[in-house]
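Enquirer: Residue numbers for the sequence shown follow the numbering used here, beginning at 661 and rising by one. Even glycine gets a Cβ: it sits at the ideal position worked out from N, Cα and C. Here the structure is a predicted model, which is why all the values come from computation and not from measurement. Next up is a structure, given as structure tokens.
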Amino acid sequence: MQAVSMYKLGLLLPAIIFIWLFYTPSDLEAQERVKRRVIRRYHQEEVERLLYEKSNLDSALYLCRKIIGTNNIPDDYRRELENNIKLIENYSDYDRKPLKLYLQARHLLLLILSGNRSSELPSKQGDSYRELLSRYPRCKLAAFVHYQLAWHYMRQIGGAIARENALAAYREIIENYPTAVFEIWDLPKDYLLGSSIAPLAQLKIAWLQQSSHRDTALQAFQTVIDKYPEALDQQKRKLALSAYVSMLMLCSGDEDSNEIADARKAEEICRILLDKYPNQEYEIEGWYFGEIHPEALMRLAKISTDREKAIGFYKRIIKDYPNSQEGKSGSDAVGFYSTLAQRRLNELQQE
């Protein structure tokens, strides 16, 4: 069947646009922006109905192409439409049955993220992923769905069980889909399109293990460094860098604690970060960020048994990295390395 009739658009859009324009300023550019937003929202809802409610993929494909053919489409919306087109065109194996299960799970996730608090939705979403993988383990979507299933588990309240399920999903990717690549852009959107899935799965295995299995986590981080030295994250930073910083934090302990798990290993990693990498931002676990050189210097100061050397490290941070920040994304827990270094320096000098 050829697609959604544009006759409906002709009937409904003029009335909707008139109402919106009535409440906007007389400025023509502002009115044009409002009109584009209204049209975009209407198109989005129509595409979503075709994809999720009607499961009419041919009509959805037609409409996505038609919208892209118009002018003044924002880049993010174009990317969304192109992603839908790629899904339908490239992942229609097994008579589209895996794709329909995937879209079913995606629809449930969108409902959850929109604020729907039904307790059944997360369970149904997971069931859709598991059914897809059980019935079509070799379908084109399988590796990516394992990745999404792991993220699904970690979003649930389940403690050790959720963590073990997520670990199993990531291991499945590494063992059975080692060459799979991120080709579609979808939640959790924490990856680089065109990059391999297995390296990021390996890094996430290490992050999941670090709170309860320190030695196992260190081995997992080392695997990222040794096996995937050139793999990149979403910001095109090397995953090995995130692995090194994560190992450093495990070995040197919390910043506010005197506990040091492995000073020798921590110093070795600090030297690698300072000598082999230019200073740059890092991000670990999708939340914690900082810069590698001031971070390494802070850690060297902490593990140092020589008071004068520790003072020297803190002074170097204050002098060379006055504006470098570290903290947790999306929170108030953000500060300057130089501020923390000055506080530590004052404490040392008062002893």
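Starting from Ile-944, trace the beta strand (DSSP E) in both directions and tell me its first and last residue.
Expert: Per DSSP, Ile-944 belongs to the beta strand (DSSP E) from 941 to 944.
Enquirer: To which residues of the same chain is Tyr-807 closer than 7 Å at the C-beta, ignoring the five residues directly before and after it?
Expert: Taken in chain order, the residues that qualify are Ile-833, Ile-857 and Ala-861.
Enquirer: Within its chain, find whatever has a CB closer than 7 Å to the CB of Gln-894; leave out the 5 residues flanking it on each side and keep chain order.
Expert: Same-chain partners within the cutoff: Asp-850, Tyr-851 and Leu-852.
Enquirer: Any idea if Pro-859 is buried or exposed, counting beta-carbon neighbours within 10 angstroms, 16 or more meaning buried?
Expert: Pro-859 comes out buried.
Enquirer: Determine the closest residue to Leu-741 out of Gln-785, Ile-728, Pro-758 and Asp-935, with distance taken between C-alpha atoms.
Expert: Closest option to Leu-741, Cα to Cα, is Ile-728.
Enquirer: Quick one: grab the DSSP three-state call for Gly-972.
Expert: Here Gly-972 sits in helix by DSSP.
Enquirer: So, with DSSP's three-state summary, where would you put Ser-856?
Expert: It is a strand residue.
Enquirer: Run through the DSSP bridge pairs and tell me what Lys-988 is partnered with.
Expert: Answer is Tyr-948, bridged to Lys-988.
Enquirer: Just verifying my parser: in three-state terms, what is the DSSP assignment at Leu-801?
Expert: Coil.
Enquirer: Tell whether a beta-carbon distance below 8 Å holds between Lys-805 and Tyr-762.
Expert: Note on identity: in this sequence residue 805 is Val, with Lys being the wrong assignment. Yes. Within cutoff.
Enquirer: List the whole-angstrom C-beta distance separating Ser-912 from Glu-943, where the pair is believed to meet the contact cut-off of C-beta under 8 Å.
Expert: The Cβ separation is near 18 Å, so there is no contact.
Enquirer: Give the secondary structure of Gly-995 by DSSP, where H, G and I count as helix, E and B as strand, and everything else as coil.
Expert: Of the three classes helix, strand and coil, the one that applies to Gly-995 here is strand, per DSSP.
Enquirer: Hey, could you find the ends of the alpha helix (DSSP H) Leu-773 is sitting in?
Expert: Per DSSP, Leu-773 belongs to the alpha helix (DSSP H) from 757 to 773.
Enquirer: For Leu-847, does the three-state DSSP call read helix, strand or coil?
Expert: Leu-847: coil per DSSP, three-state reduction.
Enquirer: I need the straight-line Cα distance from Tyr-997 to Asp-886, nearest angstrom please.
Expert: Approximately 30 Å, taken between the alpha carbons.
Enquirer: Leaving out five residues on either side along the sequence, give the residues of the same chain with a beta carbon under 8 Å from the beta carbon of Leu-1008.
Expert: Excluding residues within five positions, the ones whose Cβ falls inside 8 Å are Arg-967, Ala-970, Ile-971 and Tyr-974.
Enquirer: Spatial neighbours of Val-884 within its chain, please: CB distance less than 7 Å, with the 5 preceding and 5 following residues excluded, ordered by chain position.
Expert: Result list for Val-884: Pro-859, Gln-862, Leu-863, Ala-866, Leu-899, Ala-900 and Ala-903, in chain order.
Enquirer: What residues in its chain sit with their C-beta under 7 Å from that of Leu-957, if we drop five residues either side in the sequence?
Expert: So the list reads Phe-973, Arg-976 and Ile-977, once near-sequence residues are dropped.
Enquirer: Enumerate in chain order the residues of its own chain whose CB-to-CB distance from Ala-1001 is below 6 Å, with the five nearest sequence positions on each side excluded.
Expert: Excluding sequence neighbours, Ala-1001 sits near Tyr-974, Ile-977 and Ile-978.
Enquirer: Report the CB separation of Leu-868 from Arg-823 in whole angstroms; it is logged as a contact under 8 Å.
Expert: With a Cβ gap of about 5 Å, Leu-868 and Arg-823 count as contacting.
Enquirer: From the DSSP output, in three-state form, read off Glu-1011 for me.
Expert: Looking at Glu-1011 - three-state DSSP - the assignment turns out to be coil, as it is neither helix nor strand.
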